[in-house]
Amino acid sequence: MTSEQHLAPLRMPDRLFAELASGGGSAAAVAFLERAERARRLLLMRTLLGHLDALPTPLTPVAEAWRVLKEAAEKSPEPVERLLLAPATGGWMSHMLRRVHGTASGPPLWAEAGHLSALALSASLHAGTRTALDVPLTCGRLPLPGLGMIQLPGARAGLAVGRATTAGGRLTVTGPGRTAGSVRATCRPLTQRAGAEGGTWLPLRTLTHTGPGGGAPVSVVLEDLDPYRDLDDHLPPARLDEDEAREWQRLFGEAVRILARPGIPGPGRVDPAMIRAIVPFGRTAVSPPPPPFVQVSASSGDSFGGMLIVRPASALALAETVVHELQHSKLAALLHLFPLLEDDRAERYYAPWRTDPRHLTGLLHGAYAFTGVAGFWRDRLAGAEEGEAVERAAYFFALRRLQSRLAVRTLLTSGRLTVQGRALVSGLAGTLDGWLREPVPHAALTRARTAAALHRTEWRLRNVAPPSPGHEGPRFRPDRTSWPDVRTHAFADRPAVPHTADEHLAAGDPAAALARFAAQLAADPAEPHALAGWIVARAVLDPGRATRRMLARPELLQPLPSG
7 MTSEQHLAPL
17 RMPDRLFAEL
27 ASGGGSAAAV
37 AFLERAERAR
47 RLLLMRTLLG
57 HLDALPTPLT
67 PVAEAWRVLK
77 EAAEKSPEPV
87 ERLLLAPATG
97 GWMSHMLRRV
107 HGTASGPPLW
117 AEAGHLSALA
127 LSASLHAGTR
137 TALDVPLTCG
147 RLPLPGLGMI
157 QLPGARAGLA
167 VGRATTAGGR
177 LTVTGPGRTA
187 GSVRATCRPL
197 TQRAGAEGGT
207 WLPLRTLTHT
217 GPGGGAPVSV
227 VLEDLDPYRD
237 LDDHLPPARL
247 DEDEAREWQR
257 LFGEAVRILA
267 RPGIPGPGRV
277 DPAMIRAIVP
287 FGRTAVSPPP
297 PPFVQVSASS
307 GDSFGGMLIV
317 RPASALALAE
327 TVVHELQHSK
337 LAALLHLFPL
347 LEDDRAERYY
357 APWRTDPRHL
367 TGLLHGAYAF
377 TGVAGFWRDR
387 LAGAEEGEAV
397 ERAAYFFALR
407 RLQSRLAVRT
417 LLTSGRLTVQ
427 GRALVSGLAG
437 TLDGWLREPV
447 PHAALTRART
457 AAALHRTEWR
467 LRNVAPPSPG
477 HEGPRFRPDR
487 TSWPDVRTHA
497 FADRPAVPHT
507 ADEHLAAGDP
517 AAALARFAAQ
527 LAADPAEPHA
537 LAGWIVARAV
547 LDPGRATRRM
557 LARPELLQPL
567 PSG
């Protein structure tokens, strides 16, 4: 592995592109994307080394750290390849390129460049080579990518320069002490387990699952230490406590079993081995109790196979989120290979899963991700036997296929897709059109259609201003703000004893809902949540031309409806 090696042109076979365009992708298609990401990482590293070569630094120069890493790769290519392809490594590379171009901030640039020495140390430990490097320490801590973190007891607070040596799998780090002199710690990162509280070595946590057909266990990194595990910002370690780590393992094991549905690879079916790292976000302990569904998840095109997730209480919610984020990873890799669209980055498009206007790339990402999510719920519906499981799976399958098809139609009519982009989005359309013909229980289908109409109506009321002379197309409200989408999940279940206006609408009683919405609007005629409910309930009761116009352009409605 060198940054100077010749990289043969990558040509994706048509059959693999077609698989990915459908929203799915076989193991061969994903492997092709991984090869492409590897080539991209090497090109990014070459560019980054050129920028950092002359950087003044108190640390070992980056050229020497890179030499150590290459030497280790010659002896132990597989573990060093894993280091190169780790999501956090991609995050660090892209963050550093943003730093040198002045579009990101963080600790002193020389300290962030020193992360290459940490990568080189990890590679050296895997290969069993000898090396000595000057490294950045933060409060005596040195994260080692793919291995864990060493902590020097009694070290000086803040940023300092330390010395790290490797020999025969042993790591020794020396740094300035808190008062005077130096402090030292030694460990064997490849074999040493966590010591007692306050110990010097914190090993990397992993989530394990059994491979297909009961094969050898596969490990997924549970990343709570690497400073480049976030989407861009440099982060301090946020070590999970033992109980929280066990909860992650329990939920992950159950989520993998949910995803292990046999069949032809397609949208919503993923091999968990594609996950490179899960970053637990926002909570390090089991208390307070987590929400039933994932409130926050995210991924970055720089970190293929990585995902940041707030742990939910439900393995089903975790499995759905894994599908969602892996869809983003696949599309990001495709965007690195093909120009799929011409995006002016103007945020003016309706995304059925967002409360704010989106740019075209964001809409494409959403359409691709939620096509996968629709496929996930389609599989859940096929495997459900009775009762609530059938109702919820049918609702989310019906909702997500409808929302995704609406976004796909927007993309196809935008006039901004390239030849490859139109082929991709047409593939999604073909998948979704087939699914829209599949039968779904009537009650769940009705709630899904109602929830979709409510979201779009409230989105327009909150974001789109009535037209004014001299303006063409939608004009967005200057006072628009984020708003809570409480209906998408609330409409998943049919209320047995409805009380609120929303509950009556979800229960299939639009007349009772209409009366309650009207009472709310009497007190506040322009309240968007109630007004959206009134419009949709009216449309359900009287699906004529006038109500269809009202649904299409609700922002034209007078503040206080009558009747």
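For the sequence shown, this note's numbering gives the first residue as 7, with consecutive numbering after it. Note that beta-carbon positions come from the ideal geometry of N, C-alpha and C, so glycine has one too. It should be emphasised that the depicted structure is a prediction, and the values quoted were computed from it without experimental measurement.
In chain order, what residues of the same chain have a beta carbon less than 8 Å from the beta carbon of residue i, not counting five sequence neighbours either side?
| i | result |
| --- | --- |
| Thr290 | Asp230, Ala244, Arg245, Leu246, Asp247 and Glu250 |
| Met99 | Arg47, Leu50, Met51, Leu54 and Asp308 |
Apart from the five residues just before and just after residue i, which ones in its own chain have a Cβ nearer than 6 Å to its Cβ?
| i | result |
| --- | --- |
| Ser123 | Thr66, Ala71, Leu139 and Val141 |
| Gly539 | Ala507 and Phe523 |
| Glu25 | Gly31, Ser32 and Ala35 |
| Gly427 | Leu346 and Leu347 |
| Ala170 | Leu127, Leu139, Val141 and Val179 |
Count the other C-beta atoms from every protein chain shown that fall within 10 angstroms of the C-beta of residue i, then say buried if there are 16 or more, exposed otherwise.
| i | result |
| --- | --- |
| Val227 | buried |
| Arg199 | exposed |
| Ala375 | buried |
| Ser303 | buried |
| Leu49 | exposed |
| Val503 | exposed |
| Ser305 | buried |
| Pro233 | buried |
| Glu392 | exposed |
| Leu61 | exposed |
| Asp385 | buried |
| Glu394 | exposed |
| Glu80 | exposed |
| Pro549 | exposed |
| Thr95 | buried |
| Leu242 | It is Pro, not Leu, that sits at residue 242 in the sequence shown. So Pro242 counts as exposed. |
With distances taken Cα to Cα, identify the nearest neighbour of residue i among the options.
| i | options | result |
| --- | --- | --- |
| Leu563 | Leu467, Ala528, Gly56 and Arg483 | Leu467 |
| Thr2 | His132, Gln157 and Pro151 | The requested residue 2 does not occur in the structure, where the chain is confined to residues 7 to 569. |
| Leu418 | Glu348, Gly108, Leu50 and Glu87 | Glu348 |
| Leu55 | Asp239, Ala69, Arg44 and Pro209 | Ala69 |
| Val167 | Ala519, Pro445 and Leu148 | Leu148 |
| Thr327 | Thr361, Ile264 and Ala338 | Ile264 |
| Trp116 | Leu423, Leu208, Glu80 and Asp59 | Asp59 |
| Arg559 | Asn469, Ala513, Ala512 and Ala536 | Asn469 |
| Gly154 | Trp254, Arg235 and Pro297 | Arg235 |
| Thr487 | Asp499, His505, Trp465 and Thr212 | Trp465 |
| Leu408 | Ala380, Ala321 and Arg398 | Ala380 |
| Ala454 | Ala404, Ala471 and Pro209 | Ala404 |
| Leu314 | Gly174, Ala325, Ala496 and Glu331 | Glu331 |
Give me the Cα-Cα distance between residue i and residue j, rounded to the nearest whole angstrom.
| i | j | result |
| --- | --- | --- |
| His510 | Pro501 | 8 Å |
| Asp279 | Pro223 | In the sequence under discussion, the amino acid at residue 279 is Ala, which differs from the Asp named in the question. Between Ala279 and Pro223, the C-alpha separation is close to 10 Å. |
| Gly440 | Ala357 | 21 Å |
| Arg493 | Pro294 | 24 Å |
| Pro273 | Gly146 | 46 Å |
| Leu16 | Phe482 | 42 Å |
| Glu203 | Pro159 | For Glu203, the pLDDT reaches just 48, beneath the cut-off of 50, and the residue's location in the model is therefore unreliable, leaving the point undetermined. |
| Ser420 | Leu150 | 46 Å |
| Ala459 | Arg104 | 41 Å |
| Ala545 | Ala528 | 19 Å |
| Ala191 | Thr178 | 6 Å |
| Val189 | Gly164 | 15 Å |
| Ala338 | Ala45 | 14 Å |
| Pro182 | Ala323 | 46 Å |
| Arg354 | His371 | 15 Å |
| Ser474 | Pro19 | 50 Å |
| Leu89 | Ala266 | 27 Å |
| Arg554 | Thr456 | 14 Å |
| Ala449 | Pro534 | 26 Å |
| Gly311 | Arg282 | 5 Å |
| Ala435 | Leu387 | 21 Å |
Check for me: the alpha helix (DSSP H) holding residue i runs from which residue to which?
| i | result |
| --- | --- |
| Ala435 | Val425 to Leu442 |
| Trp540 | Pro534 to Leu547 |
| Arg500 | Careful: Arg500 lies outside any alpha helix (DSSP H) and carries neither H nor E. |
| Thr456 | His448 to Asn469 |
| Gly152 | Segment: none, Gly152 is in no alpha helix (DSSP H) and carries neither H nor E. |
| Ser488 | Careful: Ser488 lies outside any alpha helix (DSSP H) and carries neither H nor E. |
| Gly56 | Ala33 to Leu58 |
| Arg190 | Taken as a continuous stretch (DSSP letters only), Arg190 belongs to no alpha helix (DSSP H), being part of the beta strand (DSSP E) at Ser188 to Cys193. |
Near residue i, what residues of its chain come up, given a Cβ to Cβ distance below 7 Å and the 5 sequence neighbours on each side ignored?
| i | result |
| --- | --- |
| Arg256 | none |
| Trp489 | Thr361 and Arg468 |
Locate the beta strand (DSSP E) running through residue i, then write down its first and last residues.
| i | result |
| --- | --- |
| Val141 | Thr137 to Thr144 |
| Thr178 | Arg176 to Pro182 |
| Trp207 | Trp207 to Pro209 |
| Thr172 | Leu165 to Ala173 |
| Gly283 | For the sequence presented, residue 283 should be read as Ala rather than Gly. Ala283 to Pro286 is the extent of the beta strand (DSSP E) around Ala283. |
Using beta carbons (cut-off 9 Å, strictly below), is residue i in contact with chain B?
| i | result |
| --- | --- |
| Glu326 | Looking for chain B here will not work: only one protein chain is present. |
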